[in-house]
Every structure is written in C-alpha cells, then in structure tokens.
Amino acid sequence: GPLSEQRLMDVRLGQLPAWLSTRDFSPQGLLGGAQKAWSSYYDKYINVKRGGPAGISMLLAGYCLLSYGWNYQHIKHHRWRTYH
Amino acid sequence: MNLTLFDQFSPPSILGVSLLLLATLFPALLLPSPNNRWISNRLSTLQSWFLLLITKQMMIPLNKNSHKWAAILTSLMVFLLLINLLGLLPYTFTPTTQLSMNMALAFPLWFATLLTGLRNQPSISLGHLLPEGTPTLLIPALIVIETISLLIRPLALGVRLTANLTAGHLLIQLISTATATLLPIMPAVSVLTAIILFLLTILEVAVAMIQAYVFVLLLSLYLQENT
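In the order they appear, the protein sequences are chains V and D.
Mapping of the first sequence onto the numbering used here: position 50 corresponds to residue 116, and the numbering continues sequentially without gaps.
Mapping of the second sequence onto the numbering used here: position 5 corresponds to residue 41, and the numbering continues sequentially without gaps.
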C-alpha cells in the first residue's frame, strides 16, 4: 500500500526518511503512537492465555536499560575514579 | 563535579528536564487494567488475587464507615510495594527515597484520619489522648506526651519509609563497591563480601515489602482509632 500506511517493521531502510515525513509528530500523534506501541507489546507478550515471566521480565530489563541511559551522564564519571 | 555517596538518589534527568514523574508513574505499566473478561491473562489474574487478599486483610479490623478508605489504602499499598521493589533493579530510581514524596504521602493521609475523627466523634478522638487507668497526678504530663506522639506520627511515617529505603540502597552500593574493588586484590575476601551482598539483597527485598505494608498498616490503625 502507500508508504504512510505501512508499519515501521515493514518499511525498507531506504524508505525510512520518507516514511518518517508521513508520521504525525504532534503531541496527540506521539501519545497515540506510544499507546499503540504499548498495546501491541502488551497483546503480544502479556495478554496471552498461558503467559509466563518473560513478558514482564522483558519490560523490566528494558526499564533497567532506559534508566541506565537516563543516568549515563552521571555514571560515566565512575569509570576512571581512583577512589570510589 | 561533586561525587558523593548520595548521588545515586538524585532523580534522573534528560537535558535538564527531570524525569521524576516518569519514574514514579512507571509502576502503573505493570498493572494491567481489568477488561470485561472473567479471566483475561495470568498477570491480571495474579493482580486481582493479590488485590483481593490485601484489601480483605486490611478491611477486617475497620468498621463500616472506614470501608470507603479501601480504594486509597489498597492503591497506596500496591504503589509503595511496586516502587520499592522496582528500586532494587540496577540503575533504577526509587522515588520513595525522596523525603519530599514520602511526606507528601504521609502528611495528608494522617491529617485526613485526624480530621475524620475530630469531625465525627470529637470526644472519642480527644479521649485517645489519655490512656485508661492512669494515676490522677500523671494526667497533665501524659496528655502532653500523647499529643506530641500524635503530632509526630506523619513525620515518623515519612521518615521511616525514607530512612529504611535510603539506608538499604546505600548499604548495597557500599558493599558492592567493596566487592568489586577487592576482586583483583584479595579474591577470597571478595567472595565473602559477595555472599554478604547476596544476603543483603534478600533482606532488601523483604524490607521493601515490609515497609510498604507497615506504612499502610499504621495508617489504617490511625483510621481505626478515629472512626
């Protein structure tokens, strides 16, 4: 179909800038995109009949990585300290 | 840049914008909202079971009038539990280590219990200031003491939660630093410290859950006194 209707994973790498220009970057658009991403993750990994710890564990691991990214500016000073 | 031990408690920020709100709201993601199905998924079932358990346990000693507090006490319990437990993951931020947040939780709720008691049954609430059977001579002193202990409750609630979590996180950071630093120098001592760290982490998980429970339990106790 047309470029604007394809999902992110179906877009080819060369078409990525064109695809990005068709997306809605207003606050409502971003919020809607975040909501869509969360509900597709939730429906695929957590909202299943026989789910296990994997769905939540992936979410928590992602949260740890995100927190690491948020704190990186602070953590990078720890690497070469002489006295901890 | 001043690197102190307490730097781990500074809220995360991107380009100067504080992410405190995001870190505080993250536990909401882990609690799926119930849909119309009777049994939707295992996480929802687990959540419903747990919520029913704590609500039932909490509401048993309270009388009918205080059952309207069920929603706020249960949600407070789950909120604190999740925030405390999430703070034990590496690099995460624990909002309950900030005294400001704990006081913001403790003070209004305690004050609400006090006002409920004073509005609906003022003599009984004031009567709590004097325990039964005290000798007559001691009455003035005891009333002063009981008033002070009443007024210090919100402070105690907030500071208890803050201090327990902050101390736990600090200990974990110190002992893990010791383990990592000792590893190239004295591996045997490093293994010992690693065992201590393991035991401490188990303790911290327990403390996280217990502190949330104690906070809500004491609030429900104050409510019980006043309704």
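Backbone N, C-alpha and C fix where the C-beta goes; we use that ideal spot for every residue, glycine too.
Fair warning: this is a prediction, and the values are worked out from it, not measured in the lab.
Contact with chain V is absent for D:THR237, since none of that chain's Cβ atoms lies less than 8 Å from the residue's Cβ. Note that the region 61-79 of chain D does not touch the region 220-231 of chain D; fewer than 3 beta-carbon pairs, one per stretch, sit closer than 8 Å. Proximity of V:TRP146 to chain D, defined by a Cβ-Cβ separation below 8 Å, is not satisfied. Taking C-beta separations shorter than 7 Å and ignoring five residues to either side along the sequence, the partners of D:MET95 in its chain run HIS103 and ALA106, following chain order.
Using a C-beta cut-off of 8 Å, the region 232-246 of chain D makes no contact with the region 174-189 of chain D, since fewer than three inter-stretch Cβ pairs fall below that distance. In this structure V:THR148 is exposed. Its beta-carbon is surrounded by fewer than 16 other beta-carbon atoms within 10 angstroms. Positions of the alpha helix (DSSP H) runs, each at least 4 residues long and wholly inside the region 105-183 of chain D, are given as 106-122, 135-156 and 158-163 in order along the chain. Distance from the CA atom of V:ILE141 to the CA atom of D:GLN44, rounded to whole angstroms, is 9 Å.
When DSSP reads this structure, D:VAL53 sits in a beta bridge with D:ILE50. The Cβ neighbour count for D:SER161, taken over all protein chains shown within 10 Å, is at least 16; the residue is labelled buried. The alpha-carbon of D:LEU191 is positioned some 15 Å away from that of D:GLN247.
Taking 9 Å as the upper bound on Cβ-Cβ separation, chain V lies near residues ARG78, LEU79 and SER80 of the region 78-103 of chain D. Listed along chain V is no residue with a C-beta nearer than 8 Å to that of D:THR132; the closest approach is about 15 Å. When only Cα atoms are considered, D:LEU125 and V:TYR129 end up about 9 Å apart. For V:TRP136, the uninterrupted alpha helix (DSSP H) run begins and ends at 120-141, by DSSP.
Under a criterion of Cβ atoms nearer than 7 Å, the residues of chain V adjacent to D:SER76 are, in order, ASN113. Put simply, the CB of V:SER133 is near chain D, with a gap under 8 Å to one of its CB atoms. If you draw a straight line from the Cα of D:ALA242 to the Cα of D:LEU150, it is about 30 Å long.
Exposure of V:LEU74 is indicated by the presence of fewer than 16 other C-beta atoms within 10 angstroms of its C-beta.
In terms of Cβ geometry, D:ASN262 and D:THR152 form a close pair [threshold 8 Å]. Counted as a single uninterrupted DSSP element, the alpha helix (DSSP H) harbouring D:PHE251 occupies residues 223-262. Spatial neighbours of D:GLY194 in its own chain (CB-CB distance under 6 Å, excluding positions within 5 residues in sequence) are listed in chain order as ASN138, MET139 and ALA142. Boundaries of the alpha helix (DSSP H) harbouring V:LYS102: 93-107, taken from the DSSP string.
Closest option to D:ILE188, judged by alpha-carbon separation, among D:ARG155, D:SER54 and D:TRP146: D:TRP146. Below the 7 Å Cβ cutoff, chain D contributes LEU125 as neighbours of V:LEU126, in chain order. In terms of Cβ geometry, D:LEU55 and D:PRO47 form a close pair [threshold 8 Å]. Within the model, the alpha-carbon separation for V:LEU97 versus D:THR215 is close to 44 Å.
In this structure, the beta-carbon distance from D:LEU109 to D:VAL250 does not fall below 8 Å.
Within the region 87-110 of chain V, the residues whose Cβ lies closer than 8 Å to any Cβ of chain D are, in chain order, TRP104 and TYR108. The region 113-120 of chain D makes contact with the region 129-136 of chain D; the number of CB pairs closer than 8 Å reaches 3 or more. Residue D:THR217 holds the alpha-carbon nearest to the alpha-carbon of V:HIS144 among D:ALA244, D:GLN260 and D:THR217. Residue D:ALA59 holds the alpha-carbon nearest to the alpha-carbon of D:GLN134 among D:PHE86, D:TRP74 and D:ALA59. In this structure, the straight-line span from the alpha carbon of D:ARG155 to that of D:PRO144 is close to 16 Å.
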